[in-house]
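Visitor: Provided herewith is a single structure, encoded as structure tokens, for subsequent inquiry.
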DNA sequence: TATTGTTATACTCTATAACTATA
DNA sequence: TATAGTTATAGAGTATAACAATA
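Printed below as a string of structure tokens:
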């Protein structure tokens with residue numbers, strides 16, 4: 001079917017289709033970039049510290065909250081289900097890096113880094129940052145900022161979207 | 001230790017430390033954005049089509065190559081190990097969406113979409129694109145392009161980095 | 001009744017290494 | 001010998017749902 005007569009909305013459709021593919025390509029690139037970096041970081045965390053990204057993430061959350069976080073707060077911040085947080089926390093407790101401290105609400109407790117955990121995390125975080133700096137070194141300082149700001153918009157939109165889905 | 005005398009390189013270190021945190025925050029934001037979108041897409045693929053992202057990804061690769069792809073090509077493009085590709089391909093073959101066609105090299109074959117697979121993928125791809133457009137609608141057209149270009153740099157740098165590690 | 005957290009279960013994806021068959 | 005692909009194994013991560021204890 002070559003050269004069809006141009007229907008009234010053909011132009012709009014063509015444009016829409018192009019928009020679609022642009023968004024799709026953008027998404028695929030975003031995914032690729034993240035996977036490339038994530039894979040590298042995972043591998044190095046395993047090789048250098050025998051740990052994993054979720055474990056690192058959990059400890060990182062605790063490091064920002066020395067007073068401790070409740071399980072459901074961890075779950076929300078890590079965007080993972082409660083059962084998962086229990087499992088990861090159990091591991092870290094067994095290794096003496098994290099502890100469950102009593103809370104006023106006796107159903108709950110506060111998960112905190114132990115002193116050993118704090119020390120271990122500091123080491124990991126230092127190296128981890130160096131890796132990330134290296135992996136993102138393809139961008140200038142100004143480009144870092146641009147990317148950061150653009151992703152802020154993406155994030156806000158995605159969060160609004162998610163919020164709209166649980167109207168409570 | 002308050003107000004230490006300023007060592008010669010304190011400034012540089014401070015700057016470096018700030019750079020580090022900037023890169024780290026950028027990485028965390030990149031990860032969050034991807035996870036937010038990925039989670040949404042995974043959920044919808046499961047809910048609407050009872051499929052998964054890797055399965056969708058594999059079919060998407062085949063759709064771009066109607067002549068078929070060899071297993072190791074799929075493995076490379078999907079950035080996963082060979083054993084994985086075998087597993088995912090097996091599933092799709094069982095469901096009649098994909099087929100292994102003979103190749104001149106009798107060790108290998110070409111994996112292709114079946115007619116049913118092609119049809120199923122077209123439907124999924126259409127919806128999938130609509131989701132992605134919606135999820136990325138927080139950005140203007142110009143911002144899309146900016147983000148796309150910035151991510152190109154990130155990707156190139158990450159790939160160079162990866163290539164440098166396997167000197168072969 | 002609702003909430004906090006745990007347990008149990010199951011499934012997907014993943015990598016690694018050993019293996020078969022062609023080249 | 002090297003390559004294409006499979007198989008076997010093991011482990012991480014995830015979600016869901018049922019459950020216990022407390023609010």
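Protein chains in written order, with my numbering: chain B, 1 to 168; chain D, 1 to 168. Backbone N, C-alpha and C fix where the C-beta goes; we use that ideal spot for every residue, glycine too.
1. Can you look up residue 22 of chain B in the DSSP assignment and give me helix, strand or coil?
2. According to DSSP, residue 98 of chain D sits in a beta bridge with which residue or residues?
3. Can you give me the Cβ contacts of residue 36 of chain B inside the same chain, cut-off strictly under 7 angstroms, excluding the 5 residues immediately before and after it?
4. Excluding the 5 residues preceding and the 5 following residue 93 of chain D in the sequence, name in chain order all residues of the same chain whose CB lies nearer than 7 angstroms to its CB.
5. For a contact defined as C-beta to C-beta under 7 angstroms, what are the partners of residue 137 of chain B on chain D?
6. By Cβ distance below 6 angstroms, which residues in the same chain neighbour residue 53 of chain D in space, the five residues on each side in sequence not counted?
7. Could you spell out the range, first to last residue, of the alpha helix (DSSP H) harbouring residue 54 of chain D?
8. So is residue 132 of chain D in contact with chain B if we call contact Cβ pairs under 7 angstroms?
9. DSSP state of residue 139 of chain B, grouped into three classes?
10. Of the residues B:49, B:145, B:25, which one's Cα is nearest the Cα of residue 128 of chain B?
11. Which residues in chain B have a C-beta closer than 7 angstroms to the C-beta of residue 34 of chain D? List them in chain order.
12. Determine the burial state of residue 164 of chain B: buried for a count of at least 16 other Cβ atoms within 10 Å of its Cβ, exposed for fewer.
13. I'd like to check one pair, residue 118 of chain B with residue 110 of chain B: are the Cβ atoms closer than 7 angstroms?
14. Quick one: Cα of residue 82 of chain B to Cα of residue 70 of chain B, how far?
15. Could you check whether the Cβ of residue 23 of chain B sits closer than 7 angstroms to any Cβ belonging to chain D?
16. For residue 69 of chain B, list the residues DSSP reports as bridge partners.
17. Answer yes or no: does any C-beta atom of chain D fall closer than 7 angstroms to that of residue 129 of chain B?
18. Please check the pair residue 23 of chain D and residue 154 of chain B, which I expect to be a contact at CB under 8 angstroms, by giving their CB distance rounded to whole angstroms.
19. Can you give me the C-alpha to C-alpha distance between residue 150 of chain B and residue 138 of chain B, rounded to a whole angstrom?
20. Would residue 148 of chain D pass as an interface residue toward chain B - the criterion being a Cβ-Cβ separation below 7 angstroms?
21. Kindly indicate which three-state DSSP category residue 130 of chain B falls into: helix, strand or coil?
22. Determine the contact status of residue 26 of chain D and residue 121 of chain B, defining contact as a CB-CB distance below 7 angstroms.
23. Please classify residue 104 of chain B: does DSSP put it in a helix, a strand, or coil?
24. Assign residue 60 of chain D to buried or exposed, taking buried as 16 or more other Cβ atoms, counted over all protein chains shown, within 10 Å of its Cβ.
25. For residue 50 of chain B, name the three-state secondary structure that DSSP assigns.
26. I'd like to know whether the C-beta atoms of residue 55 of chain D and residue 88 of chain D end up nearer to each other than 7 angstroms.
27. Check the Cβ-Cβ distances between residue 80 of chain B and every residue of chain D, and say whether any is below 7 angstroms.
28. Give me the residue from B:134, B:146, B:74, B:143 with the minimum Cα distance to residue 159 of chain D.
29. Could you name the residues of chain B that residue 38 of chain D contacts, counting a contact when the two beta carbons are closer than 8 angstroms?
30. Residues of the region 61–94 of chain B in Cβ contact with chain D at a cutoff of 9 angstroms, in chain order, please.
31. Helix, strand or coil, according to DSSP, for residue 79 of chain B in the structure here?
32. Strictly below 7 angstroms CB to CB, what residues from chain B border residue 151 of chain D?
33. For residue 31 of chain D and residue 58 of chain D, I'd like the C-alpha separation in whole angstroms.
34. Rounding to the nearest angstrom, what Cα-Cα distance links residue 78 of chain D and residue 123 of chain D in this structure?
Guide: So, to answer that:
1. The residue given as residue 22 of chain B occupies position 22 in the first chain. The answer is helix: DSSP assigns residue 22 of chain B an H, G or I state.
2. Within the second chain, residue 98 of chain D is the residue found at index 98, counting from 1. Note: residue 98 of chain D sits in a beta bridge opposite D:113.
3. Along the first chain, one-based indexing puts residue 36 of chain B at 36. The beta carbon of residue 36 of chain B sits closer than 7 angstroms to no other beta carbon from its chain once the five residues preceding and following it are set aside.
4. On the second chain, position 93 is the one that residue 93 of chain D refers to. 99, 100, listed in sequence order.
5. For the purposes of this step, residue 137 of chain B is identified with residue 137 of the first chain, where counting begins at 1. The contacting residues are 157.
6. Stepping through the second chain from its first residue, residue 53 of chain D is reached at position 53. Contacts found: 42.
7. Locating residue 54 of chain D in the second chain gives position 54, where the first residue counts as 1. It spans 53–63 - the alpha helix (DSSP H) in which residue 54 of chain D sits, taken as one unbroken run.
8. As a first step, residue 132 of chain D must be located in the second chain, where it is residue number 132. With 7 angstroms as the cut-off, residue 132 of chain D counts as an interface residue toward chain B.
9. For this step, residue 139 of chain B is matched to residue 139 along the first chain. Here residue 139 of chain B sits in coil by DSSP.
10. Numbered from 1 along the first chain, position 128 holds the residue referred to as residue 128 of chain B. The candidate whose alpha carbon is nearest that of residue 128 of chain B is B:49.
11. By one-based count along the second chain, residue 34 of chain D stands at place 34. What residue 34 of chain D touches in chain B: 30, 31, 34.
12. The residue you call residue 164 of chain B lines up with position 164 of the first chain. Flag for residue 164 of chain B reads exposed.
13. In the first chain, the residue the question calls residue 110 of chain B occupies position 110. In the first chain, the residue the question calls residue 118 of chain B occupies position 118. At the C-beta level, residue 110 of chain B and residue 118 of chain B stay beyond 7 angstroms of one another.
14. Stepping through the first chain from its first residue, residue 82 of chain B is reached at position 82. Stepping through the first chain from its first residue, residue 70 of chain B is reached at position 70. Answer to the nearest angstrom: the Cα atoms are 11 angstroms apart.
15. The residue given as residue 23 of chain B occupies position 23 in the first chain. Taking a beta-carbon distance threshold of 7 angstroms, residue 23 of chain B counts as an interface residue toward chain D.
16. Here residue 69 of chain B is taken as the residue at index 69 of the first chain, counted from 1. Looking at the DSSP assignment, residue 69 of chain B forms a beta bridge with B:111.
17. Within the first chain, the letter at position 129 stands for residue 129 of chain B. So yes, residue 129 of chain B belongs to the interface.
18. On the second chain, residue 23 of chain D is found 23 positions in, with the first residue counted as 1. On the first chain, residue 154 of chain B is found 154 positions in, with the first residue counted as 1. The C-beta distance from residue 23 of chain D to residue 154 of chain B rounds to 18 angstroms, too long to fall under 8 angstroms, and the pair is not in contact.
19. The residue you call residue 150 of chain B lines up with position 150 of the first chain. The residue you call residue 138 of chain B lines up with position 138 of the first chain. Going from the Cα of residue 150 of chain B to the Cα of residue 138 of chain B covers about 17 angstroms.
20. Here residue 148 of chain D refers to the residue found at position 148 when the second chain is read from its first residue. By this cut-off, residue 148 of chain D is an interface position.
21. Working through the first chain from its first residue, we reach residue 130 of chain B at position 130. Here residue 130 of chain B sits in helix by DSSP.
22. Numbered from 1 along the second chain, position 26 holds the residue referred to as residue 26 of chain D. Numbered from 1 along the first chain, position 121 holds the residue referred to as residue 121 of chain B. No, these two residues do not count as a Cβ contact at 7 angstroms.
23. Looking up residue 104 of chain B in the first chain gives position 104. Three-state result, residue 104 of chain B: coil.
24. Working through the second chain from its first residue, we reach residue 60 of chain D at position 60. Taking all protein chains shown into account, residue 60 of chain D has 16 or more neighbouring C-beta atoms within 10 Å of its C-beta and is therefore buried.
25. As a position in the first chain, residue 50 of chain B is number 50, starting the count at 1. In the three-state reduction of the DSSP assignment, residue 50 of chain B falls in the coil class.
26. As a working mapping, residue 55 of chain D is identified with position 55 in the second chain. As a working mapping, residue 88 of chain D is identified with position 88 in the second chain. Closer than 7 angstroms, so yes.
27. Within the first chain, the letter at position 80 stands for residue 80 of chain B. The Cβ of residue 80 of chain B sits no closer than 7 angstroms to any Cβ of chain D.
28. Walking along the second chain from the start, residue 159 of chain D turns up at place 159. Checking every option, the nearest Cα to that of residue 159 of chain D belongs to B:134.
29. Working through the second chain from its first residue, we reach residue 38 of chain D at position 38. Neighbours of residue 38 of chain D in chain B, taken as residues at a C-beta separation under 8 angstroms, are given in chain order as 31.
30. Result list: 79.
31. As a position in the first chain, residue 79 of chain B is number 79, starting the count at 1. Three-state result, residue 79 of chain B: coil.
32. On the second chain, position 151 is the one that residue 151 of chain D refers to. Ordered by position in chain B, the residues that pass the 7 angstroms Cβ test against residue 151 of chain D are 29, 30, 33.
33. Position 31 of the second chain, counting from 1, holds the residue named residue 31 of chain D. Position 58 of the second chain, counting from 1, holds the residue named residue 58 of chain D. When the Cα atoms are used, residue 31 of chain D and residue 58 of chain D turn out to be separated by approximately 23 angstroms.
34. Here residue 78 of chain D is taken as the residue at index 78 of the second chain, counted from 1. Here residue 123 of chain D is taken as the residue at index 123 of the second chain, counted from 1. Whole-angstrom Cα-Cα distance: 21 angstroms.
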